[in-house]
Amino acid sequence: MTLEQTLDDGERLAQLDGEQLRQLVGLVEYGASGDPFPVSGWDSLVWVVGNAVQTAHFFQSAFGMELVVYSGPETGNRDHHGFVLRSGAARFVITGAHDPGSPLADHHRAHGDGIVDIALSVPDVDRCIAHAAASGATVLEPPHDLTDQHGTVRVAALAVHGDTRHTLVDRSRYTGPYLPGYVARTSSHVKRAGAPERLFHAVDHVVGNVELGAMDRWVEFYNRVMGFTNMAEFVGADIATDYSALMSTVVANGNHRVTFPLNEPALGKKKSQIDEYLEFYRGPGAQHVALATDDILTTVDALRAEGIEFLGTPDSYYEDPALRARIGDVRVPIEELRTRGILVDRDEDGYLLQIFTKPIGDRPTVFFELIERHGSLGFGIGNFQALFEAIEREQDERGTF
Ligand SMILES: [Fe+2]
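One rule links them: number in the working numbering = place in the sequence shown (from 1) + 38.
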């Protein structure tokens with residue numbers, strides 16, 4: 039099967055081709071027939087927030103996303119609002135309770151704004167769930183059909199770390215805009231004159247933070263239950279400052295569209311950023327979402343113009359001769375990166391440019407990464423030291439370090 043044949047509807051709609059996705063997110067060809075749990079790609083990231091109306095506005099006005107689908111009291115939903123937003127192949131679903139008895143209200147009370155469901159597109163929901171159940175996974179929802187006049191969506195859900203889940207979705211027999219119960223909807227929001235058509239094209243990776251000692255168990259879960267393979271392994275000493283540390287392992291599905299770095303805190307002299315997340319999120323969950331762009335300079339400038347704040351990078355990062363020697367030539371002058379605080383990393387396959395926002399909610403939990411890949415399939419390990427030091431300065435200001 040060629041890369042072109044593996045494109046999903048969202049990617050075709052966004053006019054992305056296989057070569058672009060190979061460059062953007064590291065998509066590779068693979069044979070699904072021997073995979074016990076074939077995953078095609080991301081379906082959507084489902085957020086629970088305290089105010090879905092305003093968060094949906096934020097993702098449109100600041101992140102340039104487009105409202106496409108809606109559910110709420112006007113459509114018969116007495117429990118919550120749901121706004122479906124797109125940017126290229128990426129789909130976010132923003133939900134917020136308007137009934138105080140909604141389970142979403144309980145979720146928000148416990149966790150604050152965050153991602154409850156990393157929904158994945160699979161060609162055969164029943165086959166995946168049969169394998170997962172036989173492997174001892176917790177099935178939250180057995181396979182079932184959701185049907186309306188547009189056809190049928192087959193779904194099921196698996197529990198993963200904390201209160202996070204993977205809903206498995208097969209839309210092959212459905213032509214509606216999202217799911218039964220949702221209706222197509224556009225917004226009156228108008229992009230600023232000269233704004234890029236979109237600021238990011240796809241989700242690159244979603245990081246999970248788990249408790250001390252739990253990382254290997256979750257890596258093993260993704261290997262055994264979902265057939266993911268390990269992409270890279272970091273050890274605590276590699277990503278540690280004198281004061282805080284983490285361990286991270288990256289798992290990926292067969293075609294590498296879906297990658298999950300899994301972090302656990304490592305012991306340090308002070309509180310690790312992972313500990314801070316676990317404390318404020320009240321347990322494990324999704325820490326950051328990396329958004330793939332092919333023009334990180336324009337994306338960062340546009341986000342900053344809308345008031346999005348990024349972690350600062352010390353000037354010393356750009357002046358370090360060892361870094362300059364290591365990264366070699368990149369497509370833009372270092373000065374352009376320095377003025378924006380964009381980080382560079384290089385490995386044997388190429389390089390990447392990346393930058394991290396500050397947490398986007400009230401709690402110091404979930405945040406975004408922007409990533410522009412040029413061959414590198416890594417996650418910026420060479421930048422972890424600089425990044426950690428920047429995060430620690432922020433923690434220090436919050437008094438949680
Ligand atoms: Fe990342």
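Note that beta-carbon positions come from the ideal geometry of N, C-alpha and C, so glycine has one too.
Every value quoted in this text rests on a predicted model; they were computed, and no experiment measured them.
*Identify, in the order they occur along the chain, each residue of the same chain with its Cβ nearer than 8 Å to the Cβ of ARG262, setting aside the five sequence neighbours on each side.*
For the purposes of this step, residue 262 is taken as the residue at position 224 of the sequence shown. Taken in chain order, the residues that qualify are SER173.
*Other residues of its chain near GLY399: CB distance less than 6 Å, five sequence neighbours each side excluded*: One-based indexing of the sequence shown puts residue 399 at position 361. The residues are GLY150 and ASP151.
*Since I believe LEU54 is in contact with GLY126 (beta carbons under 8 Å), could you give me their beta-carbon distance rounded to a whole number of angstroms?*
As a working note, residue 126 is residue 88 in the sequence shown. As a working note, residue 54 is residue 16 in the sequence shown. For a cut-off of 8 Å, the C-beta gap from GLY126 to LEU54 is around 6 Å, short enough to register as a contact.
*asked:* So, under 8 Å CB-CB, TRP80 and VAL131 are touching, yes? Tell me the CB distance rounded to an integer number of Å.
replied: Locating residue 80 in the sequence shown gives position 42, counting from the first residue. Locating residue 131 in the sequence shown gives position 93, counting from the first residue. TRP80 to VAL131, Cβ: 12 Å. No contact.
*asked:* What does the Cβ neighbour count give for PRO303, buried or exposed, with the cut at 16 atoms within 10 Å?
replied: Residue 303 sits at position 265 when you count from the first residue of the sequence shown. With 16 or more neighbouring CB atoms inside 10 Å of its own CB, PRO303 falls in the buried class.
*Is there contact between the segment 160 to 180 and the segment 253 to 269, where contact requires at least three CB pairs shorter than 8 Å?*
yes
*Measuring CB to CB, does GLY350 end up less than 8 Å from GLY379?*
As a position in the sequence shown, residue 350 is number 312, starting the count at 1. As a position in the sequence shown, residue 379 is number 341, starting the count at 1. Between GLY350 and GLY379, the CB-CB gap stays under 8 Å.
*asked:* Am I right that PRO74 and GLY265 are in contact with their C-beta atoms under 8 Å? What's the rounded C-beta distance?
replied: On the sequence shown, residue 74 is found 36 positions in, with the first residue counted as 1. On the sequence shown, residue 265 is found 227 positions in, with the first residue counted as 1. Distance from PRO74 to GLY265 at the Cβ level is roughly 5 Å; contact confirmed, criterion being Cβ atoms closer than 8 Å.
*Are the CB atoms of ASN301 and VAL245 nearer to each other than 8 Å?*
By 1-based counting over the sequence shown, the position of residue 301 is 263. By 1-based counting over the sequence shown, the position of residue 245 is 207. Cβ distance < 8 Å, so ASN301 and VAL245 count as in contact.
*Would LEU123 pass as a contact of PHE97 if the rule is Cβ separation under 8 Å?*
As a first step, residue 123 must be located in the sequence shown, where it is residue number 85. As a first step, residue 97 must be located in the sequence shown, where it is residue number 59. Yes.
*Stretch pair the segment 335 to 348 + the segment 229 to 238: three plus CB contacts closer than 8 Å*: yes
*So, are the CB atoms of ASN89 and GLY120 less than 8 Å apart?*
Taking the first residue of the sequence shown as 1, we reach residue 89 at position 51. Taking the first residue of the sequence shown as 1, we reach residue 120 at position 82. Note that the C-beta distance between ASN89 and GLY120 is not below 8 Å.
*Beta-carbon proximity check, SER414 vs GLY388, cutoff 8 Å*: Here residue 414 refers to the residue found at position 376 of the sequence shown. Here residue 388 refers to the residue found at position 350 of the sequence shown. Yes.
*Check whether the Cβ of PHE417 sits closer than 7 Å to any heavy atom of ligand 1, and report yes or no.*
Your numbering for residue 417 matches position 379 in the sequence shown. True, at least one ligand heavy atom lies under 7 Å from that Cβ.
*Can you tell me which of the three DSSP states ALA275 falls into?*
Within the sequence shown, numbered from 1, the residue matching residue 275 stands at position 237. Caution applies to ALA275, whose pLDDT of 48 falls short of 50 and renders its modelled position unreliable; the value that the coordinates give is listed next. Helix.
*What are the uninterrupted segments assigned as beta strand (DSSP E) that are 3 or more residues long and contained completely in the segment 206 to 284, given in chain order?*
240 to 247 and 267 to 271
*Where does VAL327 sit, in a helix, a strand or coil, going by DSSP?*
As a first step, residue 327 must be located in the sequence shown, where it is residue number 289. Correct three-state label for VAL327: strand.
*Looking at C-alpha atoms only, which residue of PHE298, ALA290 and ASP242 is the closest neighbour of PRO76?*
What you label residue 76 is simply residue 38 of the sequence shown in a count that begins at 1. Taking only the C-alpha atoms, the option nearest PRO76 is ALA290.
*Please classify ASN421: is it buried, with 16 or more other beta-carbons within 10 angstroms of its beta-carbon, or exposed?*
For the purposes of this step, residue 421 is taken as residue 383 along the sequence shown, with counting starting at 1. ASN421 should be labelled buried.
*asked:* Going by DSSP, what residue range makes up the beta strand (DSSP E) through LEU65?
replied: For the purposes of this step, residue 65 is taken as residue 27 along the sequence shown, with counting starting at 1. Note, LEU65: premise wrong, no beta strand (DSSP E); not H, not E.
*Note the first and the last residue of the continuous beta strand (DSSP E) segment covering GLN392.*
Locating residue 392 in the sequence shown gives position 354, where the first residue counts as 1. Unbroken beta strand (DSSP E) run through GLN392: 388 to 394.
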